[in-house]
Amino acid sequence: MTQNLELTDIQGNIVKAYGAFNFTKARYLFLRIDNGDKGREFVGAVTTKVTSAVRWEKNSMPVATTNIGFTFSGLQALELPTASLMGFPEEFVMGMKGRKDILGDDGPSDPMYWDKIWQETVHIWLSINGQSIEAVDERYQWILKQIEASDGGVTLLTGHRGEKDEDNLPYQDASVLYDAEGKPTPKEHFGYTDGIGDAVFEGQTNIQARVLGRGKLTRSGHWEPLATGEFLLGHVDEAMDYPQTAPTPKLLAHNGTYMVYRKLHENVGSFNRFLDEQSKVFPGSKELLAAKFSGRWRDNGAPVVNAPDDASKAEWDKNYAAADFAGQKKMLIDFTYNDDIDGAKCPISAHIRRINPRGSLEYGVKDAYERPGALVDRRRILRRGLPYGKVKDPTRDDGNHGIIFMALNADIKRQFEFVQQQWINYANDFKEGNDKEVLLGNHDAKNPGKVVFQVEKGSGKAPHFVNNIPRLIEARGGDYFFIPSITALKMIAGGIVDPT
Amino acid sequence: MSNIAGKAYAMNVITPIRWYKVWINRLIFKIALSKPSTLKGLVTLSLIHYARWVIIPRDGFPHLDSSQPKENLNYAYMLFFSNFNGSWDQYVDSFTFAIPAGLDLFWKWNVRYPKSVPLSPFHKYIRHNQIDTSHYYNAYPMAASNDVKSAKKLKQALINFNAESASKTSEEFLADYNRLLNYLQHDFGEMRATPIVSLAAHAVKERYLKSHAAH
Ligand code: HEM
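Protein chains in written order, with the numbering used here: chain R, 24 to 523; chain E, 7 to 221.
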């Protein structure tokens, strides 16, 4: 089945990870709508600049992009008809704060401690991605003008924490991290290489080259793109169904989707101390231990399942250096855990294994399920986002640095929330009881967690226990947004949404 | 009312089946039981405590007392009874994705069964025919089925180890101990409170606790 997507109608951030196109900088704005008529006019004005998913040729690439989304209360403020509003799913209506008990946002992640802006009512999310900070700022100035022109229709909300202890910034900036020579890198603040694995779905361009290790696993061990409906409303999903999260009328939902925005603070000091302490008792190098936390080596992203110790990593690096571009991509991404069901190579609790177990929930029972990824294919997300802030002192946790995490999916509850609740903060599907994922788990300072790093079964060796895991990641804000199609944006702006 | 007790969810679904087709279902059950490989998907789904299908013939419902009015039923019924860990959605979805053919085989002869794929008609069918649980007692609310299996394995292994290790030298003891840990490496999961399965059910419980604390 091939599917042609209406790329002119779909917002660009759904289909493209801008980061992969040299957009190294981003700025996120949040607004409140104070007047329905004027608010709709503002949405209409911004829609003229909204970036679609149309393919870019080298000379048609913009220097800045703009995308827009709405919270449920935002759609209310824009005066969508009640019948349309009633078609939105429960979790979207409740918003992220209302879901804190599902998401595990407790202790230092409690919404009480989030950036001040999240104590306000947020209606609109606006994003600018740019090839340079100047390009971002130019677009930002344009948006400020539209806000002013709205004549009290919308207000730009302040209250983001910043680099210099500010707590009242009018926007959240994000940026790739740079190396010592000032070159952009794919790193995040713990030193991992990020942005390698992302789901691929039917209708995206250049599928054949990208589907390896990123689509869904077939019975014969091949990869196919996921159904479009996993990521876009109005399209058939993996259950041969249309996503049930779509509001009416059809045109309001079609080609739209939902986005999770989360500001995740990284406790860099705790991470470094934890890694140092644990590596003293770990049989292997410190880098191997760090790799086992995430499932990929920090330096180049080599998957631990194919480079499970220091010697095999050296070998992997040699082969990687010798491979061509396509070969390197394949080495980074085309793998499963099927030959490592016990987790001796890549621990079952590693970040990327918990979040995308690929075929391993079949537990090596041949043909147990209809498809090897039967329990996984409906839990996939598209990741968009960038690091924010700078680490000034790697021994400290405080400051303002982490990841602006954005996930796109057709069903927040079934995809993002499920992964967050069942696979990060709980592990029954992995037969690991309540053990939480190492990096992201909401580990409790009073009752610190542990995970087991498995070893070869029957080897007589003891598995390695990683104890006293501190809270490494803290939520600092976020919400759930509806990302309408461009048609739907025009309908909303025109006040002509009619579910009849 | 609650279908949820700690980590477990009790699901009862009762669906009509034409009485003259009951024999087909009985035959299918028999074949499934005699060929365990047909159930391997079900068994591999580790969130399930157990699942049971029972045919109740037209005249098979209990008649407990002469004062109970006699029923004249048009259909026989298939009772599906299951206890599992996680939410209704997680369970029903896991069923449809992992073992759609098995579900269709068992329910195929039931009146108005829509097939397990696509999902939403199947969801509606199950929900429509589900009898919510009025009382649900769970002796180990913190234990998922996997926790119980691990705890049993761990306990037996420790008892054996204790019996065998008493007279060993310390080197032998250490080697044995490491072997024991290796054998149990998938059974050390922490057992703590359940993640919230349903915010509504959670709120019901909170209200109950609050009102009882007040009295
Ligand atoms: C600050 C928090 C986080 C950090 C430091 C982090 C780090 C990483 C790293 C280093 C990778 C490996 C590189 C790659 O495969 O692209 C990765 C992959 C991934 N992460 Fe995260 N992550 C964070 C939060 C999250 C959250 C909250 C989710 C979702 C709930 C998530 C979902 C994923 C997914 C889906 C992958 C790809 C897995 C695969 O397909 O194999 N991450 N992350």
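Heads up, the beta-carbon is just placed ideally off N, CA and C, and yes, glycines get one too.
First through last residue of the alpha helix (DSSP H) which encompasses residue 302 of chain R: It spans 291-303 - the alpha helix (DSSP H) in which residue 302 of chain R sits, taken as one unbroken run.
Residue 430 of chain R versus residue 109 of chain E - alpha carbon distance: Spanning the two alpha carbons is a distance of roughly 33 Å.
For residue 283 of chain R: DSSP bridge partner residues: Per DSSP, R/430, R/503.
C-beta neighbour in chain R for residue 9 of chain E, strict 8 Å: At a cut-off of 8 Å between beta-carbon atoms, residue 9 of chain E makes no contact with chain R.
Span separating the alpha-carbon of residue 320 of chain R from that of residue 215 of chain R: Between residue 320 of chain R and residue 215 of chain R, the C-alpha separation is close to 7 Å.
Other residues of its chain near residue 355 of chain R: CB distance less than 6 Å, five sequence neighbours each side excluded: Answer for residue 355 of chain R: 219, 324, listed in chain order.
Residue 241 of chain E - DSSP class collapsed to helix/strand/coil: No answer is possible for residue 241 of chain E: the residues shown for chain E start at 7 and end at 221.
Endpoints, the alpha helix (DSSP H) within which residue 9 of chain R is located: Nothing about residue 9 of chain R can be read from this structure; chain R reaches only from 24 to 523.
Distance cut-off 7 Å: residue 492 of chain R Cβ against heavy atoms of the ligand HEM: Checking every heavy atom of the ligand HEM against the Cβ of residue 492 of chain R, none is found closer than 7 Å.
Validate contact between the region 398-415 of chain R and the region 434-448 of chain R using beta carbons, cut 8 Å, 3 pairs: A contact between stretches requires three or more CB pairs, one per stretch, nearer than 8 Å, and the region 398-415 of chain R meets this requirement with the region 434-448 of chain R.
Residue 215 of chain R CB to nearest heavy atom of the ligand HEM below 7 Å: Yes, the beta carbon of residue 215 of chain R sits closer than 7 Å to at least one heavy atom of the ligand HEM.
Check: residue 289 of chain R C-beta below 7 Å from any heavy atom of the ligand NAP: Inclusion of the ligand NAP in the displayed structure is not the case, the ligand content consisting of the ligand HEM alone.
7 Å CB neighbourhood of residue 205 of chain E in its chain, flanking five on each side removed: Contacts found: none.
Supposed contact pair residue 127 of chain R and residue 448 of chain R - C-beta distance, whole angstroms, cut 8 Å: For residue 448 of chain R against residue 127 of chain R, the beta-carbon gap comes to about 4 Å, under 8 Å, which counts as contact.
Closer than 7 Å: residue 374 of chain R CB and nearest the ligand HEM heavy atom: At least one heavy atom of the ligand HEM is nearer than 7 Å to the Cβ of residue 374 of chain R, so yes.
Same chain only: Cβ atoms within 7 Å of residue 19 of chain E, ignoring 5 sequence neighbours per side: Close CB contacts of residue 19 of chain E within its chain, under the 7 Å cut and outside five residues either way in sequence, are with 86, 132, 135, 136 (chain order).
Under 7 Å by beta carbon: chain A residues contacting residue 153 of chain E: As a matter of chain content, chain A is missing from the structure shown, whose protein chains are R and E.
Alpha-carbon to alpha-carbon, residue 162 of chain R and residue 100 of chain R: So the alpha carbons of these two residues sit roughly 25 Å apart.
Chain-ordered chain E contacts of residue 472 of chain R [CB-CB under 9 Å]: Under the 9 Å cutoff, chain E gives 196.
Alpha-carbon to alpha-carbon, residue 153 of chain E and residue 5 of chain R: There is no way to answer for residue 5 of chain R, as the model of chain R reaches only from 24 to 523.
Any chain R beta carbon closer than 8 Å to residue 21 of chain E: Answer no: the Cβ-Cβ gap between residue 21 of chain E and chain R never drops below 8 Å.
Alpha-carbon to alpha-carbon, residue 37 of chain E and residue 478 of chain R: When rounded, the distance between both Cα atoms is 39 Å.
Of the listed residues E/122, E/111, E/63, E/164, nearest to residue 26 of chain E (C-alpha basis): E/63 is the residue among E/122, E/111, E/63, E/164 whose C-alpha sits nearest the C-alpha of residue 26 of chain E.
Inter-stretch contact (C-beta, 8 Å, three-pair minimum) for the region 417-426 of chain R and the region 274-292 of chain R: The region 417-426 of chain R is in contact with the region 274-292 of chain R.
Residue 247 of chain R: CB within 7 Å of a non-hydrogen atom of the ligand HEM: Not under cutoff, so the answer is no.
Close beta carbons around residue 142 of chain R, own chain, < 8 Å, minus the five adjacent residues each side: 182.
Boundaries of the alpha helix (DSSP H) in which residue 517 of chain R is found, first to last residue: Here the alpha helix (DSSP H) through residue 517 of chain R covers 509-517.
Rounded separation between residue 471 of chain R and residue 492 of chain R - CA only: In a straight line, the C-alpha of residue 471 of chain R is about 6 Å away from that of residue 492 of chain R.
Residue 163 of chain R, enclosing alpha helix (DSSP H) - first and last residue: Looking at the DSSP string, the run of the alpha helix (DSSP H) that includes residue 163 of chain R is 156-172.
Distance between residue 256 of chain R and residue 381 of chain R (C-alpha atoms, nearest Å): Between the alpha carbons of residue 381 of chain R and residue 256 of chain R lies a distance of about 24 Å.
Cβ-based contacts, 9 Å cut-off: residues of the region 422-453 of chain R near chain E: Going along the region 422-453 of chain R in chain order, one finds 436, 437, 441, 444, 445, 448, 449, 450, 451, 452, 453 with a Cβ nearer than 9 Å to chain E.
Three-state secondary structure assigned by DSSP to residue 410 of chain R: Three-state DSSP puts residue 410 of chain R in a strand.
CA-to-CA distance, residue 154 of chain R to residue 413 of chain R, given in whole angstroms: Straight-line measurement puts the Cα of residue 154 of chain R at about 19 Å from the Cα of residue 413 of chain R.
Distance between residue 284 of chain R and residue 56 of chain R (C-alpha atoms, nearest Å): As the crow flies, the alpha-carbon of residue 56 of chain R is around 19 Å from that of residue 284 of chain R.
Proximity test, Cβ basis, 8 Å: residue 134 of chain R and chain E: Not closer than 8 Å to any Cβ of chain E, the Cβ of residue 134 of chain R fails to qualify, so no.
Burial state of residue 228 of chain R (16 or more Cβ within 10 Å): The C-beta of residue 228 of chain R has fewer than 16 other C-beta atoms within 10 Å across all chains shown, which makes the residue exposed.
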